[in-house]
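Accompanying notes for the structure given below.
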Amino acid sequence: MAVEILESCMDGAGRPEIHCTGEGALLVTARTDATLQDLATAGGFAPSDELRQMLVPSAADGEDRAGILAMFQVTSFKCGGVCVGAAIHHTAADGLAALDFVNTWAAIASKGVDEAAPRPWLDRTVLRARSPPDVRFDHSEYARRRGGGPKTARVPFDSAILPMSKTQLDALKAGGGQGNKKVSTFKAVVAHVWRCACMARGLAEDDDTRLYITADARSRVRPPLPAGYLGNAIFRASAVAKAGDVVSEPLDAVAGRVSGATARLDDEYVRSLVDCLEQVGLPIYDTDFGWGRPAFMGRACLQFSGLVYLVPGPDGDGRLDVVVAMEPKSLARFKELFYELTKGAGVLCMAE
8 MAVEILESCM
18 DGAGRPEIHC
28 TGEGALLVTA
38 RTDATLQDLA
48 TAGGFAPSDE
58 LRQMLVPSAA
68 DGEDRAGILA
78 MFQVTSFKCG
88 GVCVGAAIHH
98 TAADGLAALD
108 FVNTWAAIAS
118 KGVDEAAPRP
128 WLDRTVLRAR
138 SPPDVRFDHS
148 EYARRRGGGP
158 KTARVPFDSA
168 ILPMSKTQLD
178 ALKAGGGQGN
188 KKVSTFKAVV
198 AHVWRCACMA
208 RGLAEDDDTR
218 LYITADARSR
228 VRPPLPAGYL
238 GNAIFRASAV
248 AKAGDVVSEP
258 LDAVAGRVSG
268 ATARLDDEYV
278 RSLVDCLEQV
288 GLPIYDTDFG
298 WGRPAFMGRA
308 CLQFSGLVYL
318 VPGPDGDGRL
328 DVVVAMEPKS
338 LARFKELFYE
348 LTKGAGVLCM
358 AE
């Protein structure tokens, strides 16, 4: 991470590229009179700009930080609690790679170098564009939008964390389908979120709605990427449907649309996408610097309205936290529907 991010001058596109300067990452220490309970009471650790400004360093905090790849802030709370805030540039690592990096750092701090595993795998040649590039699919999720307008404008939004207990998850999966078709927890919750979003936003039945999904390609390429791969292996897939279909179809049918979007991400498709380009099983609560299991781990802020990610609960009891950003009016309705439809999944999610 001891590198600098600069704009490429090779193709005139100004794309970011890594220069290994060896100047090091940024580490900031801070103290606050607040307690962890204060944060939990105020917003339940829901992502917000205020939380980011308090706990995570930013390039906007100073021009000398603009090209830094990784920035960390260690904040000591009045109660004795500690928060490690991290900002790692996506040019170097996706979310899983960044988490592996922090977990390795924590293992070294608490157990020593010999106990840190897996070690970061730095060889990027295992997932890079071929020469010459061979694009075999239409990668519409990565098409560049032309011009500005409402689609590219920043829409004001609020954020919330909506916990789902194992009992609620089991009820959602059991009551949301017809027949004996099994639906994974991830696909069931994603389908449920898609439906609630369509209803909360008041979309008309014939409105087109697109669901974007991020998928990890580490196990999808052949051979699979090495454990500890420090790079970007997260790709977007999407499913398109009429809002009326998403709302009226059984949950397992909507989940099938999600499956269809991710199923095509095989080795051939991923490598075609790499040429084009030239949030459930993450171990987020395994990070232990020697202080014990984290009380909370997640994003400090979300980037845009409509962004949702799923993370395991902190206690390892099967709970799943759904973190969502949405326009304030729609979010209020979304939260109502989120639990209402879970309770009545066997009735409300069925199509005639």
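Numbering (this note's numbering), first residue to last: 8 to 359.
Glycine included, C-beta positions come from ideal geometry on N, C-alpha and C.
Here the structure is a predicted model, which is why all the values come from computation and not from measurement.
Straight-line gap, residue i to residue j (C-alpha atoms, nearest Å)
i    : j    : result
Q310 : L129 : 28 Å
P54  : L327 : 16 Å
Y236 : A114 : 17 Å
R229 : I220 : 22 Å
K249 : Q44  : 43 Å
C27  : P231 : 27 Å
D295 : R59  : 21 Å
V109 : G323 : 20 Å
E347 : F164 : 22 Å
V34  : L106 : Position check: residue 34 holds Leu in this sequence, whereas Val was assumed. Cα-Cα distance, rounded: 17 Å.
G267 : K180 : 18 Å
D273 : S117 : 38 Å
L314 : F84  : 30 Å
F242 : R300 : 30 Å
A211 : G251 : 7 Å
E334 : M304 : 24 Å
Cβ pair residue i, residue j closer than 8 Å
i    : j    : result
A207 : L344 : yes
V81  : T36  : yes
G238 : L134 : yes
A94  : V63  : yes
V162 : S337 : no
A307 : G92  : yes
A224 : A240 : yes
V247 : W201 : no
A198 : A104 : no
F79  : A47  : no
F341 : C203 : yes
As assigned by DSSP and simplified to three states, the class of residue i
i    : result
A260 : helix
Y236 : strand
R131 : helix
T269 : helix
D328 : strand
F311 : coil
D40  : coil
F341 : helix
A47  : helix
> In chain order, which continuous runs of the alpha helix (DSSP H) of length 4 or greater are located wholly inside the stretch 188–212?
Replying inline: 192–207
> Where in the stretch 58–129 do unbroken runs of the alpha helix (DSSP H), each at least 4 residues long, occur, reported from the N-terminal end onward?
Replying inline: 102–118
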